[in-house]
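K.L.:
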Amino acid sequence: MKARVVMYAMLVAYALISLYPFLLMVSGALKDSKEILLDGHFIPSNPTLSTLVSTWSDLHFFTYFGNSLIVTGFTTVGVLVVYALAGYAFAVLRFPGNRLLYGMFLSLLFVPGVTVLLPVVILQQNLGLIGTFPGIILPFINGTAPLSIMLLTNSFRSVPGELKESARCDGAGELRTFWSIYLPVSRPALITIALLTAVPTWNEYVLTRVSLNDAALYTLPLALQNLNSSTAPQENVLMAASLIIVIPVIILFVALQRYFVNGLQGAVKG
Amino acid sequence: MAARVRGREALTGYIFVLPALALFAVMGVYTVGYGLLLSFARWNGFSPKWTWVGIGNYLDLLYNDPTIAPLVQGAALRTLVVMIGVPLLTVVIGFPLAVALNRITWLRSAFRTVYFLPHVTAGIALFYAWTYALQPEGSINFILHSLGLGSLAQPQGWLGNPATALPTLIVVMSWSAVPVAMVLYLTGLQSIDQSLIDAARVDGAGGLRTMTSIIWPLLLPITGAVIMLNVRDAMQGFQIFLLMTNGGPGGHTLVLGLESYNLAFVNAGRPTLGLSSALGWIMFVVALLLAWVNLRVLRSRT
Chain L
0 MKARVVMYAM LVAYALISLY PFLLMVSGAL KDSKEILLDG HFIPSNPTLS TLVSTWSDLH
60 FFTYFGNSLI VTGFTTVGVL VVYALAGYAF AVLRFPGNRL LYGMFLSLLF VPGVTVLLPV
120 VILQQNLGLI GTFPGIILPF INGTAPLSIM LLTNSFRSVP GELKESARCD GAGELRTFWS
180 IYLPVSRPAL ITIALLTAVP TWNEYVLTRV SLNDAALYTL PLALQNLNSS TAPQENVLMA
240 ASLIIVIPVI ILFVALQRYF VNGLQGAVKG
Chain V
0 MAARVRGREA LTGYIFVLPA LALFAVMGVY TVGYGLLLSF ARWNGFSPKW TWVGIGNYLD
60 LLYNDPTIAP LVQGAALRTL VVMIGVPLLT VVIGFPLAVA LNRITWLRSA FRTVYFLPHV
120 TAGIALFYAW TYALQPEGSI NFILHSLGLG SLAQPQGWLG NPATALPTLI VVMSWSAVPV
180 AMVLYLTGLQ SIDQSLIDAA RVDGAGGLRT MTSIIWPLLL PITGAVIMLN VRDAMQGFQI
240 FLLMTNGGPG GHTLVLGLES YNLAFVNAGR PTLGLSSALG WIMFVVALLL AWVNLRVLRS
300 RT
């Protein structure tokens, strides 16, 4: 009994530590511009929603929110299309070089992001894509290649061969087999990949910062950074903006969390 | 007939892989090749020509250049501290947390959801929230004062004091890394055969004894994976440094990733782009070596 109490005390304590910055965002966003300057007390004395409302409207957050949705949406769909096809080929089809190509994609996992950051920017310039959405979406898609290919190939491999044989007997071609048998069966893996792509893309900051110059194209992280580097950054506005960025991710995660956990386990088991 | 079918299958295979391969050729091979070539040249990003210097950039970084080399050595030392500190703290917090979570049933999934939030939301918004908390007039100092621990408070702010800045960042990084470690340990714990634990109990082993001599050794591969993941992230990740301290105060949180970023993007027209690239490749080789060592250690244990 005593052990149980100690255990729950420990779990509750760490839950508070996990939630701490989120509570701070709420607390900061609800304070007015005078109270925010006082000290780090938690409960606002005159809680106000006006900071959240004005941050959303005055700072064109609707535009930034839309930009983030476009970048995240296209990246996620791109990853699903490109790497589901590739994963199917690696898992099911026999062709010379199958294993070699598969290994090549996985080796990308070890290339540090900072090493290719500059070449990617120069490539964007050469292709005339610097400062455009495709200029960041294409490297984002390619960046997920190792993990996406690994998880999808594993998932397609676990589809029983009889399913494929019976489809063949019914005269279905390769594309039909892929589309109407393998994709539906692997839905959990596809959702996992979609989430593991969408969330980091939504939060991405470094490549976006060195690629996008036009403030009208900024994604939410850049808009937030822009707020902070303005002449007089106000913490209550910063916390309100942070909250706006974080809330969609929290909703998505709480709704679909089992896919996240599956994805992590799959990634490590390899 | 059979050959024709196989030929068709191979062709379909190539067509299916083609989009991924095209993207890889442009975004992967080109950028990696370009980066590698650049690491042997001197360039400021604007002039039309590169000056080839052979392995000069690598030598400058390691010992030759009187201004760059000491900077890199300091950054390497701090990166090493992060690479040891973050995995260690993550295991020390994540393992007991998973064990406790595995023992309870009531509220288990609620706790797991809450514990996972720091991982999925990781990014600029959270870094700003932490920066806000760590300010001189911030929440952490306020909490310490309210608990009567005012002597521990940092009047310059936790990121403003050179002595506390790096340890503070290590704690924040570990805070973001604990969720993944916890989930992996939880998976491992659920796959342990209960009869092993029961047998140890029958032999008179207590809770702590079972933990140290049965559960912990069985989960060593997971500890290996957790360490591996965090060592890689600690070496390559510099976003938190860029956003929370930008290397300050006075260079006390300058790490290799950030130094490489600065050489490439904050170079003020100096021809340091090749140096940045070379530094990236040194980090790549070290990452590969560490992955290999880790794999060897894991194999020899199991």
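Chains as they are written, first to last, in numbering that gives the first Met the number 0: chain L, 0 to 269; chain V, 0 to 301.
C-beta: ideal position from N, C-alpha, C; glycine also.
1. Buried or exposed: V/F283, going by 16 or more other Cβ atoms within 10 Å of its Cβ?
2. What residues in the region 217–241 of chain L bring their beta carbon closer than 7 Å to a beta carbon of chain V?
3. Can you tell me which of the three DSSP states V/A40 falls into?
4. For the alpha helix (DSSP H) containing V/Y258, name the first residue and the last one.
5. Listed in chain order, which residues of the region 89–103 of chain V have Cβ atoms closer than 8 Å to some Cβ of chain L?
6. Quick one: give me the first and last residue of the alpha helix (DSSP H) that V/L207 is part of.
7. Do the region 133–148 of chain V and the region 36–53 of chain V make contact, defined as three or more Cβ pairs closer than 8 Å?
8. To which residues of the same chain is V/S299 closer than 6 Å at the C-beta, ignoring the five residues directly before and after it?
9. Can you tell me which residues form a DSSP beta bridge with V/T50?
10. Check whether the Cβ atoms of V/L228 and V/V179 sit closer than 8 Å, and answer yes or no.
11. Please compile the residues from chain L whose C-beta is within a distance smaller than 9 Å of the C-beta of V/V31.
12. Quick check on the DSSP output: the alpha helix (DSSP H) that includes L/P111 runs from which residue to which?
13. Taking Cβ positions, are V/L116 and V/M181 nearer each other than 8 Å?
14. Can you check whether the CB of V/V225 is closer than 8 Å to the CB of V/L183?
15. Between which two residues does the alpha helix (DSSP H) carrying L/K163 extend?
16. Below 8 Å on the Cβ atoms is my guess for V/I214 versus V/I191; work out the distance and round it to an integer in Å.
17. In chain L, which residues lie less than 9 Å from V/T252 when you measure between Cβ atoms?
18. Are three or more beta carbon pairs between the region 13–28 of chain V and the region 88–102 of chain L nearer than 8 Å?
19. Got a sec? Which residues, its chain only, sit under 7 Å from V/L297 by beta carbon, not counting five neighbours each side?
20. If we ignore side chains and look at the alpha-carbon of each, how far apart do V/G6 and L/A171 end up?
21. Tell me whether L/G269 is buried or exposed, calling it buried when 16 or more other Cβ atoms sit within 10 Å of its Cβ.
22. From V/A164 to V/G27, what distance separates their C-alpha atoms?
23. With distances taken between CB atoms, is the gap from L/I278 to L/V70 smaller than 8 Å?
24. Taking Cβ positions, are V/T271 and V/L257 nearer each other than 8 Å?
25. Determine the chain B residues that contact L/L128 at a beta-carbon separation under 7 Å, and present them in chain order.
26. Quick one: which unbroken alpha helix (DSSP H) runs of 4-plus residues sit fully inside the region 104–184 of chain V? Chain order, please.
27. If we define contact as Cβ-Cβ less than 8 Å, is L/F21 a contact residue for chain V?
28. Tell me whether the beta-carbon of L/S210 lies closer than 8 Å to the beta-carbon of L/Q123.
29. Nearest to V/S138 by CA position, among V/G156, V/G122, V/S150 and V/A124, is which residue?
30. Does V/F94 come out as helix, strand or coil in the three-state DSSP assignment?
31. Going by beta carbon distance, what residues of the same chain come within less than 7 Å of L/N276, once the five residues before and after it are set aside?
32. Use the C-beta contact count for L/Q224: other C-beta atoms within 10 angstroms, 16 or more gives buried, fewer gives exposed.
33. Quick one: does L/N141 have its CB under 8 Å from some CB of chain V?
34. Pick helix, strand or coil for V/L22, following the three-state DSSP scheme.
P.N.:
The short version:
1. buried
2. P220, L223, Q224, N227, E234, L237, M238 and S241
3. strand
4. Reading off the sequence shown, one finds Glu at residue 258 of chain V, where the question assumed Tyr. Where V/E258 is concerned, the enclosing alpha helix (DSSP H) stretches over L255 to F264.
5. I92, P95, L96, A99, L100, R102 and I103
6. G206 to T209
7. no
8. none
9. V/R41
10. yes
11. L107, V110, T114, V115 and P118
12. Element bounds for L/P111: n/a, residue is neither H nor E.
13. no
14. yes
15. G160 to C168
16. 7 Å
17. The premise fails here: V/T252 is roughly 16 Å from chain L at the closest Cβ pair, so nothing lies under 9 Å.
18. yes
19. P220 and G223
20. 17 Å
21. Low confidence applies to L/G269: its pLDDT is 45, below 50, so where it sits in the model is not reliable, and the reading given next is rough at best. L/G269 is exposed by the Cβ-count criterion.
22. 36 Å
23. Here chain L covers residues 0 to 269 and nothing more, so residue 278 of chain L does not appear.
24. no
25. Here chain B cannot be found, since the structure's protein chains are L and V.
26. 107–119, 123–133 and 138–145
27. yes
28. yes
29. V/G156
30. helix
31. Look at the range of chain L in this structure, 0 to 269, and you will see that residue 276 of chain L is not part of it.
32. buried
33. yes
34. helix
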